[in-house]
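Student: Please read through the structure below; I'll follow up with questions.
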Amino acid sequence: MIGRVEKYLLNKIKKDGAVHLTLIDPEKMSLKSASRIAREAESSKTAAIMIGGSTFISTSHLDNTIKAMKKTVGIPVILFPNNVTAISKHADAIWFMSLLNSLDPYFIVGAQVLGAPLIKKFGLEAIPLGYIVVGQGATVGIIGRASPIP
């Protein structure tokens, strides 16, 4: 079943041909900065805010960043998780990602198995996403043990 956020994104794609999503890494900025960037992105017609990064963040900082942004914007906030520790009940949805070119089965299916009960408990909308790392040297490729596509 398609949820509210996924339906919203699909309708925007159907109407406009594409959507723009803004990724905010909460580890790299204050709550005030994250809210300001989210507000500016919304005024520039981004369809949704993705929140996440390649390295670990504290769950409380993630929660507080999402709550601060949601006070500022009316567009969906979607988790772009780096691991099962990056799940917050305050988001509108979560990308249920599989790192398809990872050499480690954990990033292909393992994290999803571990995160699914928490996603269900929080009532988060899970949106499927196949993720492929292209190029070399990015933190996501190193942490996710990706075999990059040149």
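Numbering-wise, my numbering comes out as the position in the sequence shown, counting from 1, plus 5.
The beta carbon of each residue, even a glycine, is placed where N, CA and C say it ideally should be.
1) By Cβ distance, which residues of its chain are closer than 6 Å to THR27, with the 5 residues on each side in sequence left out?
2) Any idea which residues DSSP pairs ILE154 with across the strands?
3) Taking the C-alpha atoms as reference points, what is the distance between GLN141 and PHE112?
4) Taking contact to mean 3 or more Cβ pairs, one atom from each stretch, closer than 8 Å, check whether the segment 36-46 and the segment 7-21 are in contact.
5) Under the three-state reduction of DSSP, which class applies to PHE101: helix, strand or coil?
6) Have a look at ARG44 and LYS72 and give me their C-alpha separation to the nearest angstrom.
7) Between SER152 and LEU108, is the Cβ-Cβ spacing less than 8 Å?
8) Between LEU67, VAL118 and TYR13, which lies nearest to LEU84 when the distance is taken from Cα to Cα?
9) Just confirm the distance between the C-beta atoms of LYS76 and LEU129, as a whole number of angstroms; I'd bet it's less than 8 Å.
Tutor: According to the structure data:
1) Hits under 6 Å: ALA46, THR51 and ILE54.
2) In the DSSP output, where bridge partners are listed per residue, ILE154 has VAL139.
3) Distance from the CA atom of GLN141 to the CA atom of PHE112, rounded to whole angstroms, is 17 Å.
4) Flag = no, the segment 36-46 and the segment 7-21 do not touch.
5) Strand.
6) Roughly 13 Å separates the two Cα atoms.
7) At the C-beta level, SER152 and LEU108 come within 8 Å of one another.
8) The candidate whose alpha carbon is nearest that of LEU84 is LEU67.
9) Taking the Cβ atoms as the reference, LYS76 lies roughly 19 Å from LEU129, outside the contact range of under 8 Å.
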